[in-house]
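Peer 1: Could you have a look at this structure, given as structure tokens, before my questions?
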Amino acid sequence: MLLRAALLPALLWGLSVVTIAYTPAPAQAATADTSHKPHHTQPHHTLHKPSTAPSSRSVVQARHALESARAQHEAAQAATERQAAAVAASRAKQDAAMAAAANARSQARALSAATLSATAQLQDTEQQIADLSDRMDATHQEQQALSASLLGHEQALAPILPLAVRLSVYPSDTLLAAPLPQNDAVTGFLVLRGLSHQLQDEARDLREKQARLTVLDQDLTAQKTQLEALERQQASERATVRQQAAQARKAQKRADSAARVATRALQAAMHRASSLQDAVARLEALQTAAEARLHHALSAARARPPVPHELTPPAGQSSGAQSPDTQATTSQQDTVQDSTAEGPGLNAQGGSASGLKPVAGTVLSAWGSHTESGPATGITYRTPSGASVRAPCTGGVDFAGVFRTYGQMVILNCGRHYRFILAGLSELSVDTGQDLTKGAPIGHMGNTGSSARLFIQLRHGQQSINPAPFL
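The opening position of the sequence shown corresponds to residue 1 in UniProt numbering, with each subsequent residue numbered one higher.
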């Protein structure tokens with residue numbers, strides 16, 4: 001009994017040592033007798049193991065997603081900065097192009113003003129040719145009338161010319177040879193004497209008309225010579241005007257083309273910047289969502305709170321920086337201009353005192369005169385062949401081209417809602433959007449002789465008004 005009492009504690013101690021040293025596998029532990037193990041050990045292991053691993057994986061995945069979103073956002077932000085630099089460079093190029101366009105526009109206006117003298121000389125020559133042509137026509141008509149009158153006189157005198165010649169040589173013998181009574185002979189003598197005076201008057205009239213015909217022939221010859229000289233002068237002046245007008249036209253086109261190219265380049269750059277800014281906004285939203293998921297994963301894992309700087313989003317654009325959208329709006333506000341520059345308006349006193357005619361020729365129908373379609377709403381000129389047409393005011397060309405049945409037409413914006421409409425031209429020397437100085441060449445009439453017609457209308461807003469006081 002004493003031996004059993006001494007060995008029992010030793011056996012219990014050894015059993016406990018073996019139990020602690022040898023821990024069975026979970027499956028074996030589940031089938032073994034649990035009466036020798038503490039009751040709380042198994043539940044502790046079965047609860048802790050399944051919950052820790054999935055939470056750790058979600059935290060890691062959320063961190064990776066956040067890092068990827070940050071990297072994409074930083075790359076997009078860098079691209080935005082590069083694009084902003086590109087927009088700034090495009091804007092600088094546009095400013096330079098606009099300055100060049102303004103310079104070219106000034107040159108175009110200067111070239112347009114330089115054509116005034118040549119165009120005025122050309123119009124004066126054209127008017128001289130028209131007046132000389134009218135005088136030549138009148139001279140030719142008078143010449144034809146005198147020739148017809150001389151022919152009529154010759155035909156009327158032809159039957160009595162032999163008798164007149166005989167009487168002028170043998171007046172007495174002619175009367176004595178006639179078998180007439182004395183009284184009849186005296187009467188015949190008196191008649192022949194009166195007829196002789198009439199024939200002398202007729203002969204004198206014929207000599208005067210013949211002399212007039214000679215003068216008219218000389219005048220026609222001189223007028224033809226003068227006309228030929230004027231036509232040569234007109235051809236030279238017309239070539240000069242067309243050359244100067246073409247130079248002004250090209251300068252205006254260069255200015256407009258440079259401005260359009262620069263504007264398109266800036267708009268493309270701003271569009272790219274705007275698109276990139278949208279992409280940055282989407283990436284920022286993606287990053288915010290990734291941060292929210294990371295917060296949720298960390299909260300679910302009940303881990304330590306994340307370090308604040310890990311969850312702080314990258315700093316965005318500074319508040320003073322201008323977004324591409326704002327830059328686009330500002331640039332569009334800076335670059336929007338009217339399609340044509342308006343003129344200073346019209347002044348009836350200044351217009352009437354200037355004496356500037358838009359074209360050589362005569363007025364065929366005045367404003368308000370009766371026509372088949374009612375009162376005339378403009379002035380119609382009958383112009384010489386190929387006559388040059390001049391700008392009746394300073395301003396910009398709203399339209400230049402063919403319009404319906406009016407032929408070549410120009411609408412000139414004089415400013416203050418005044419617009420001149422000139423229709424019926426055959427050739428234009430200006431383009432839409434071109435700036436013109438008063439008196440600058442617009443175009444030329446057709447080579448259709450005296451049938452060329454130029455119609456001029458003046459509108460103030462939508463109302464047609466009399467253009468005569470302004471021409």
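Even for Gly, the Cβ is constructed at its ideal location relative to N, Cα and C.
Report buried or exposed for Asp201, applying the criterion of at least 16 other Cβ atoms within 10 angstroms of its Cβ.
Peer 2: With fewer than 16 other Cβ atoms within 10 Å, it is exposed.
Peer 1: So, under 8 Å CB-CB, Gln223 and Met136 are touching, yes? Tell me the CB distance rounded to an integer number of Å.
Peer 2: Confirmed, about 5 Å.
Peer 1: Alpha carbon to alpha carbon, what distance is there between Glu142 and Ser451?
Peer 2: Distance between the alpha carbons of Ser451 and Glu142: 24 Å.
Peer 1: Within the same chain, show all residues whose beta-carbon is closer than 7 Å to that of Arg82, passing over the 5 residues directly before and after it, in chain order.
Peer 2: Excluding residues within five positions, none has a Cβ falling inside 7 Å.
Peer 1: Could you spell out where the beta strand (DSSP E) holding Val397 opens and where it closes?
Peer 2: It spans Gly395 to Val402 - the beta strand (DSSP E) in which Val397 sits, taken as one unbroken run.
Peer 1: Name, in chain order, the residues that DSSP records as bridge partners for Met409.
Peer 2: According to DSSP, Met409 bridges with Gly401 and Ala423.
Peer 1: For Leu298, does the three-state DSSP call read helix, strand or coil?
Peer 2: Looking at Leu298 - three-state DSSP - the assignment turns out to be helix.
Peer 1: Mind checking which residues open and close the beta strand (DSSP E) that includes His417?
Peer 2: From DSSP, His417 is part of no beta strand (DSSP E); its letter is neither H nor E.
Peer 1: What is the rounded straight-line gap between the Cα of Leu151 and the Cα of Thr221?
Peer 2: Roughly 23 Å between the two C-alpha positions.
Peer 1: For a quick check, are the C-beta atoms of Ala120 and Gly374 less than 9 Å apart?
Peer 2: Cβ distance not < 9 Å, so Ala120 and Gly374 don't count as in contact.
Peer 1: To which residues of the same chain is Leu111 closer than 7 Å at the C-beta, ignoring the five residues directly before and after it?
Peer 2: Counting only Cβ-Cβ distances below 7 Å, and skipping sequence neighbours, we find Gln244, Gln247, Ala248 and Ala251.
Peer 1: Do you know offhand how far Leu230's Cα is from Gln128's?
Peer 2: If I take the Cα positions, the gap works out to 8 Å.
Peer 1: Within this structure, are the beta carbons of Gly378 and Leu458 separated by less than 9 Å?
Peer 2: Result yes, Cβ atoms of Gly378 and Leu458 sit closer than 9 Å.
Peer 1: So if DSSP puts Leu454 in a beta bridge, which residue, or which two residues, is it bridged to?
Peer 2: DSSP, once it has assigned bridges, lists Tyr381 as partnering Leu454.
Peer 1: Can you tell me the Cα-Cα spacing of Arg238 and Gln94, whole angstroms?
Peer 2: Cα-Cα distance, rounded: 38 Å.
Peer 1: How many Å lie between Ala100 and Val397 at the Cα?
Peer 2: Rounded to the nearest angstrom, the two C-alpha atoms are 21 Å apart.
Peer 1: Out of Ala69, Asp431 and Thr437, point me to the one whose CA is closest to Thr394's CA.
Peer 2: Selected option, being the one with the closest Cα: Thr437.
Peer 1: Which whole-angstrom value describes the C-beta separation of Leu412 and Leu454, a residue pair presumed to lie in contact below a C-beta threshold of 8 Å?
Peer 2: Wrong, their Cβ atoms sit about 14 Å apart, outside the cutoff.
Peer 1: Just to confirm my understanding: we take Arg212, look at its own chain, exclude 5 residues before and 5 after, and list those with CB closer than 7 Å. What are they?
Peer 2: Excluding residues within five positions, the ones whose Cβ falls inside 7 Å are Leu146.
Peer 1: Output the distance between the C-alpha atoms of Pro403 and Pro358, rounded to the nearest integer angstrom.
Peer 2: With the sequence shown as reference, residue 403 is identified as Phe, and Pro is not the correct amino acid for it. Spanning the two alpha carbons is a distance of roughly 20 Å.
Peer 1: For His460, I'd like the list of residues in its chain whose CB is within less than 7 Å of its CB, leaving aside the five on either flank, ordered along the chain.
Peer 2: Hits under 7 Å: His417 and Tyr418.
Peer 1: Quick one: measure Cβ to Cβ for Ser365 and Thr383, integer angstroms, because I've assumed they're closer than 8 Å.
Peer 2: Not quite, the Cβ-Cβ distance comes to about 13 Å (not below 8 Å), so this is no contact.
Peer 1: Could you name the residues of the same chain whose beta carbon sits closer than 8 Å to that of residue 472, not counting the 5 residues immediately before and after it, in chain order?
Peer 2: The requested residue 472 is not part of the displayed model; the chain covers only 1 to 471.
Peer 1: Measure the CB-CB distance between Ala79 and Arg254 and report whether it falls below 9 Å.
Peer 2: Contact: no.
Peer 1: Report the residue ranges of all alpha helix (DSSP H) runs contained in full by the region 86-166; include only those spanning at least 4 residues, in chain order.
Peer 2: Entirely contained in the region 86-166, not one alpha helix (DSSP H) run reaches 4 residues.
Peer 1: Count the other CB atoms, across all protein chains shown, that sit within 10 Å of the CB of Ser388; report buried if there are 16 or more and exposed otherwise.
Peer 2: Under this definition Ser388 is a buried residue.
Peer 1: In whole angstroms, give me the CA-to-CA distance for Val59 and Leu298.
Peer 2: Cα to Cα, the separation comes out at about 6 Å.
Peer 1: Mapping DSSP to helix, strand and coil, what is Asp431?
Peer 2: Looking at Asp431 - three-state DSSP - the assignment turns out to be coil, as it is neither helix nor strand.
Peer 1: Using the beta-carbon count (16 or more within 10 Å), is Thr125 buried or exposed?
Peer 2: Buried, since its Cβ has 16 or more Cβ neighbours within 10 Å.
Peer 1: List the DSSP bridge partners of Val389.
Peer 2: Beta-bridge pairing links Val389 to Val359 and Gly443.
Peer 1: In or out: Gln123 buried (at least 16 other Cβ within 10 Å) or exposed?
Peer 2: It counts as buried.
Peer 1: Could you compute how far the alpha carbon of Asp205 sits from the alpha carbon of Leu227?
Peer 2: Computed Cα separation, rounded: 32 Å.
Peer 1: Tell whether a beta-carbon distance below 9 Å holds between Pro469 and Ala391.
Peer 2: Taking 9 Å as the Cβ cut-off, Pro469 and Ala391 do not qualify as a contacting pair.
Peer 1: If you reduce the DSSP assignment to three classes, tell me which class Pro467 lands in.
Peer 2: Reduced to three states, the DSSP call for Pro467 is coil.
Peer 1: Could you check how far apart the C-beta atoms of Ala290 and Ala62 are, in whole angstroms? I think they sit under 8 Å.
Peer 2: The pair is a contact, with the Cβ atoms about 7 Å apart (cut-off 8 Å).
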